[in-house]
Structure formats: structure tokens, C-alpha cells
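Numbering (mature numbering (1 follows the signal peptide of the UniProt record, and there is no 0)), first residue to last: -16 to -1, 1 to 105.
For reference, the structure discussed in these notes is given below.
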């Protein structure tokens, strides 16, 4: 019984390590999208053009892998936030969207990943 319990604990720990660190509960995507100054600051961080908060820096550091793996290590909430932010930026701030795509996908390699994220897949 102890061996089974230990095995389950280790398996749970390994699965937990496979996911990205959860975004803080206080992160509000709508607030970011509705605040041009905050959104611009986040985009500058993502483009390596300005300072970053710790949370946005973690996102920036993970983005290449997120795109490569189609967000395989993302939690459900991270996928929802990513979809909301991606759709909002693409729709309401097309210049920022174009800058992000040019930076993270200059050759169009991740178009399927962007499409999946926009559609919530």
C-alpha cells in the first residue's frame, strides 16, 4: 500500500512538472486588453523592447515552446487566457498583433498554432 501511495505521489509530481507554472489568480485578461498603456507595456516586454514584470517574462520565455508544442503544457486556464488575449489583440490592435507575429513567427511556421489558439483548440 505504501509503495502504491508513493508511486501515485511521484506520478502526480511528474505530471505537475509537465505543465507551465500557473498564471496568478489576479491576472485579468480583460483588464489588460482594456488598458492601452498596460497592453503596450506587455507587448514591449514580449518583443524585448521594454521592461517586464516577472509574470510576463515567464510568458515571454515560454512562448517559443508554447508555439512549437501548440500549448501542450498549458493548463486549461492558460489556454483560455491565451485565446482571450490573442483574439483581443488581433481584433483591436492589429499593429501590435503584426509585430508579435513578425517577432515570434517570421517564417509563418506557427500559423496552425495561432489558428488553434484563436479558435480555442
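Quick reminder that beta carbons are idealized off the backbone N, C-alpha and C, glycines included.
Element boundaries [alpha helix (DSSP H), containing residue i]
| i | result |
| --- | --- |
| residue 72 | 60 to 76 |
| residue 13 | 13 to 18 |
| residue 5 | Element bounds for residue 5: n/a, residue is neither H nor E. |
Simplified DSSP assignment, three categories, for residue i
| i | result |
| --- | --- |
| residue 87 | helix |
| residue 26 | helix |
| residue 38 | helix |
| residue 56 | coil |
| residue 51 | helix |
| residue 33 | coil |
| residue 99 | helix |
Same chain only: Cβ atoms within 8 angstroms of residue i, ignoring 5 sequence neighbours per side
| i | result |
| --- | --- |
| residue 24 | 80 |
| residue 83 | 27 and 31 |
| residue 29 | 35, 36, 37, 40, 41 and 44 |
| residue 17 | 23, 68, 69, 72, 73 and 76 |
Contacting residues, own chain, Cβ-Cβ under 6 angstroms from residue i (five flanking each side not counted)
| i | result |
| --- | --- |
| residue 94 | 51 |
| residue 19 | none |
| residue 74 | 81 |
Cβ-based neighbour list, residue i, same chain, cut-off 7 angstroms, excluding 5 preceding and 5 following
| i | result |
| --- | --- |
| residue 42 | 5 |
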